[in-house]
Amino acid sequence: MWGTALSALGVVAAVPPAGAGAQGVPEADLAYHGSAAMSGGRMEVALTPRNHGPSAVPEAAVRLRWSVPLADRQPEPAPGCVRTGERELVCRTGELAADGVGERIALAVRLAGRPSEVALEIATVWGGGTVDRNRGNDRQRVLVLDTGDLYSF
């Protein structure tokens, strides 16, 4: 499924095998920071990818997964994003320079029903052929309540 989703985004590459990082394999440290707000079953999410280096990343993909299903009908997807499942989207980050900040990704989704709270998980699913030894900062989980309040991560 990920190969199909990444192909739909125009991303063509293989994920490095477990234990990669041997000599010659570039290393990067990806992270995501942003915010999410929910009101009336609609959630808006904005995040900015960052590469702490030491190597540049030619392209990466980030997955956003909700704890509840997305509604069948959705607003126009954000550029570079594609729905990959009942509860998830995958978005391209674009090129990330070493110790650089990427383009902001902003999107809105409708959730099935009108949940009072939703957990949103954000994680790298493809690192552009680089190895990320610090996986703790490229995975976020935020609980968003249906209050219209902005929750930062």
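To convert, note that position 21 of the sequence shown is 34 in my numbering; the numbers rise steadily by one, no gaps. A virtual CB, placed ideally from N, CA and C, is assigned to each residue, including glycine.
Residue i versus residue j: straight-line alpha-carbon distance, rounded
i	j	result
Phe166	Tyr45	8 Å
Leu109	Glu101	23 Å
Gly66	Gly47	20 Å
Ala161	Met51	Looking at the sequence provided, one finds Gly at residue 161 rather than Ala. When rounded, the distance between both Cα atoms is 5 Å.
Val70	Gly140	7 Å
Where the beta strand (DSSP E) through residue i begins and ends
i	result
Pro92	Pro92 -> no beta strand (DSSP E), and no H or E assigned at all.
Arg63	Arg55 to Asn64
Arg152	Arg152 to Leu158
Contacts around residue i, its chain only, beta-carbon distance under 7 Å, and the 5 residues preceding and following it disregarded
i	result
Ser80	Val131 and Ala132
Minimum C-alpha distance to residue i - residue among the options
i	options	result
Gly93	Ala125, Ala73, Asp112 and Ser129	Ala73
Leu60	Leu158, Asp151, Leu83 and Ser52	Asp151
Val58	Ala84, Pro71, Ala91 and Gly113	Ala91
Gly54	Arg117, Val122 and Arg105	Val122
Glu99	Gly142, Glu89, Ala111 and Leu83	Leu83
Bridge-paired residues (DSSP) for residue i
i	result
Ser165	Ser48
Pro119	Strictly speaking, residue 119 in this sequence is Ala, with Pro absent from that position. DSSP output for Ala119 lists Ala59 as bridge partner(s).
Beta-carbon contacts of residue i that lie in its chain and below 8 Å, excluding the five residues immediately before and after
i	result
Val157	Ala49, Ala50, Met51, Met56, Glu130, Val131, Ala132, Leu133 and Tyr164
Gly115	Thr61, Pro62, Arg63, Asn64, Thr106, Gly107, Glu108 and Leu109
Spatial neighbours of residue i in its chain, beta-carbon cut-off 6 Å, leaving aside the 5 residues before and after
i	result
Leu77	Leu102 and Ile135
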